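Step one of this worksheet: look at the structure below.
There are 2 protein chains.
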Amino acid sequence: MAGAAATAGAFLLGEPEPPASAAPAQVVGFHGPHQAGIATPVQDRLHFAAFDVAVGTREELVALLVSWTRAAESMTAGRVSSADDSGEALDLPASRLTLTVGFGPTLFERAGEDRFGLAASRPPALADLPPFPGEKLDPARGGGDIAVQACADDPQVAVHAIRTLARIGLGRVSVRWSQLGYGKTSSTTPAQLTPRNLMGFKDGTDNIAHDDHAALDQHVWVSSADGPAWMAGGSYLVARRIRMHLESWDQVSVQEQEATIGRTKTGGAPLGGKGERDGFDPATLPADSHVRLAHPASNGGVRLLRRGYSFVDGSDTQGRIDAGLFFLAYQRDPRRQYVPVQRRLATDDRLSTYIRHVGSGLWACPPGVSPGGHWGDTLLG
Amino acid sequence: MAGAAATAGAFLLGEPEPPASAAPAQVVGFHGPHQAGIATPVQDRLHFAAFDVAVGTREELVALLVSWTRAAESMTAGRVSSADDSGEALDLPASRLTLTVGFGPTLFERAGEDRFGLAASRPPALADLPPFPGEKLDPARGGGDIAVQACADDPQVAVHAIRTLARIGLGRVSVRWSQLGYGKTSSTTPAQLTPRNLMGFKDGTDNIAHDDHAALDQHVWVSSADGPAWMAGGSYLVARRIRMHLESWDQVSVQEQEATIGRTKTGGAPLGGKGERDGFDPATLPADSHVRLAHPASNGGVRLLRRGYSFVDGSDTQGRIDAGLFFLAYQRDPRRQYVPVQRRLATDDRLSTYIRHVGSGLWACPPGVSPGGHWGDTLLG
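As you go down the protein sequences, you meet chains A and B in turn.
Position one of the first sequence corresponds to residue 1 (full-length UniProt numbering), numbered consecutively onward.
Position one of the second sequence corresponds to residue 1 (full-length UniProt numbering), numbered consecutively onward.
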């Protein structure tokens, strides 16, 4: 689609465009029963933004979402967003860009105010997350009326997409907070090498695979029986900015690290096992190890689709690296999935010593968009 | 070198390693007359850190630099840094990792104190940068006794390298500040597509090419005649964190943007010209345009080797994206190169309306290391 971008650029400025990069166009389809960017094989880079809505009426909110949808259709296809596109992605292919939208609790009701006549449509599963032991949430890195997850294999493409939506929304939305994720940590493609998080361990070995439709239906996609009807085919997103205390982690032995995680560091095998993907009984792992406590067998079969990214945001005033995992998990019902699992992890997980949750958000991601439709049309249309 | 990493990993933990990524090993040689990471074709990603030294003696400083050099030799070859490597780059190839070190003014003398007996060796060219009009420097993002520039085509490899050096230096150095650069903006490979900065313009079209040895000798490498002798083959690095006011930039027309830069947006041609690389007379560009004012012809022939990266560090409290250009420029003498050029730009450049310099640093980067030698051995050996 670099050619399409070049064409649009030429249209924009009336001059010839030199040959663009030879990289093959990589386009993830925008339309479908589910939003792209959830089951889509995880792209390398992330730019995530939580927006607060400033408009006062439902009609204005719909108009915003229609504008955003049209821009997303263009950008995910590798075309410019409009005639006055900001330009930094002009020469780049689509790079598997996906844009995924979610609606936060405050869009339905904020401080008792039914801003857009949506209070009665708020899904019971979009219940505010409870406080968890040990977290230290920064309100400047949490919440937001609308979340947009931009994933792409090129960071400039993801950054351009979020910037473009912010620009289209100028005066109608404001960016509440945003996060760059430089590298994926949770693959959904088990045939490929499992990425490592900043603790040096493989992450996401037992993640739900992008093509495991039975597991996606069971754990990720909201069914029409779940209700409300407008969420059928959608999913709930929990985001947690998890700061890692890497200086402390780096001081302990590999043996202690492996006992904390429950897997070997180099190979990623469960402790006592041989291969990363060998079956194992989590009850054989240390009682307070992360893999044992987070395992479906320890949580009534509950699973999450994880799509986390590593972040590095400079250094704090003590010279410690401000880095960790920007955890993104999709699920059918956070009340049955993220909340009970995290409650257990927050109290029992040995890993809690080395991490702190510092940002948090929860959003209802509506189903996918049909051609001619727009984000949220099952709720607002 | 993924194989080498796997071997070292197996040595580390005594278990077999699964087949690593099939990506070809991409190793930039560490040793040579000049440090790698200056003329090296610009890699895609950056992690940069400025360290303050906490040790009290010259011997301890040398010991630190020896340890760092040995780790850098390993990591740039795609091997682990040590038996207790933190591990997050274990499966990754060298990814053209380079590590480049520079010594700041405070290493030679701090508040009148000759900490390491180096005051007499301070190069005259390492004169503190003067204040420039319009800058608003954050002391928390400036200075530092030692700078380390890590560049690689994989961000995890660059992040791992800086983290490893910080870890090796624990108790001997502290990170003063650090910066992630997600994408290069200044190519030194004119045969490739010129990257775009976050203003959407091609950046670095007329940069010094990596293989233009005459220009490198004239503008980048310190000669033995320049003095001091220990800097021969080295270079001076100026870093500037340049915040872009992208919301303002996005509000003005493409015509205004092009008049501000002096080149067309889509194609990158000088205004009035046809092709990006066509020769042009800068006097034909608008008098206050960036390209005219920064052009060698407007600066007595002065050139800089630029190696800048785009950054996005979330959003500020007003919801504006904290993004811009992390400018890195190598040169033979900042007093004749960066300082006069920036003095002119700070007062006359129309682009100044849309940017602000918020961080700054200056370092003397010693020449390259010979096998068995160490960073800074011409100064400290």
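Note that beta-carbon positions come from the ideal geometry of N, C-alpha and C, so glycine has one too.
In this text, all values refer to a predicted model and were calculated from it rather than measured experimentally.
- Taking C-beta atoms as the reference points, residue 88/B and residue 27/B fail to come closer than 9 angstroms.
- Across the segment 69–84 of chain B, CB contacts with chain A closer than 7 angstroms involve 84, in sequence order along the chain.
- For residue 197/A, the neighbours in chain B by C-beta distance under 8 angstroms run, in chain order, 88.
- For residue 26/A, the three-state secondary structure derived from DSSP is coil.
- At a cut-off of 9 angstroms between beta carbons, residue 291/A makes no contact with chain B.
- A direct Cα-Cα distance of roughly 21 angstroms separates residue 215/A from residue 193/A.
- Judged by their CB atoms, residue 135/A and residue 291/A are not nearer to each other than the 9 angstroms cut-off.
- Judged by DSSP secondary structure, residue 75/A falls within the alpha helix (DSSP H) whose first and last residues are 58–76.
- For residue 338/B, the enclosing alpha helix (DSSP H) covers residues 338–348.
- If only complete runs of 4 or more residues are kept, the UniProt domain "Dyp-type peroxidase N-terminal" (35–182) of chain B shows the alpha helix (DSSP H) at 58–76, 105–108, 155–168, in order along the chain.
- Sixteen is the threshold: since fewer than 16 other Cβ atoms of the shown chains lie within 10 Å of the Cβ of residue 274/B, the residue is exposed.
- In this structure, residue 338/A lies away from residue 346/A, with their beta-carbon atoms at least 9 angstroms apart.
- Residue state for residue 292/B is assigned as helix, using DSSP reduced to three classes.
- CA-CA distance, residue 62/A to residue 171/A, rounds to 15 angstroms.
- Looking at the DSSP output, residue 362/A shares a beta bridge with 238/A.
- Between residue 51/A and residue 157/A, the C-beta spacing is not below 9 angstroms.
- Proximity of chain A to residue 324/B at the Cβ level (cut-off 8 angstroms) is not reached, the minimal Cβ distance being about 12 angstroms.
- Beyond the five residues adjoining it in sequence on each side, residue 154/B comes within less than 6 angstroms, by CB distance, of 92, 95 in the same chain, given in chain order.
- Cα atoms of residue 116/A and residue 144/A: separation of roughly 15 angstroms, rounded to the nearest angstrom.
- Residue 69/B is positioned such that its CB atom lies no closer than 9 angstroms to that of residue 308/B.
- Per the C-alpha coordinates, the member of 120/A, 80/A, 325/A, 33/A positioned closest to residue 202/A is 325/A.
- Residue 315/A has 321/A as its beta-bridge partners, per DSSP.
- Within the segment 28–50 of chain A, contact with chain B at the beta-carbon level (separation under 8 angstroms) is assigned to 45, 47, 49.
- Of all residues in the segment 174–190 of chain A, the ones placed with a Cβ closer than 8 angstroms to any Cβ belonging to chain B are 174, 175, 176, 177, 178, 179, 180, 182, 183, in chain order.
- The criterion of a C-beta distance shorter than 9 angstroms is satisfied by residue 174/B and residue 54/B.
- Beta-bridge partners assigned by DSSP to residue 309/B: 184/B, 326/B.
- Not a single CB atom of chain B sits nearer than 9 angstroms to the CB of residue 261/A.
- Fewer than three Cβ pairs drawn from the segment 183–193 of chain A and the segment 235–242 of chain A lie within less than 8 angstroms of each other, which leaves the two stretches out of contact.
- For residue 199/B, the CB contacts under 8 angstroms within the same chain, skipping 5 residues up- and downstream, are 244, 246, 249, 257, 261, 354 in chain order.
- In this structure, DSSP gives residue 208/A a state outside helix and strand, which the three-state scheme calls coil.
- Pairing residue 113/B with residue 321/A, the inter-Cα distance amounts to about 29 angstroms.
- Taking the beta carbon of residue 284/B as reference, no residue of chain A falls within 7 angstroms; the closest one sits roughly 17 angstroms away.
- Secondary structure at residue 374/A: coil, using DSSP grouped into helix, strand and coil.
- Taking C-beta separations shorter than 7 angstroms and ignoring five residues to either side along the sequence, the partners of residue 221/A in its chain run 34, 233, 235, 332, following chain order.
- At a cut-off of 9 angstroms between beta-carbon atoms, residue 350/A makes no contact with chain B.
- Going by DSSP, residue 304/B is part of no alpha helix (DSSP H) at all; its letter is neither H nor E.
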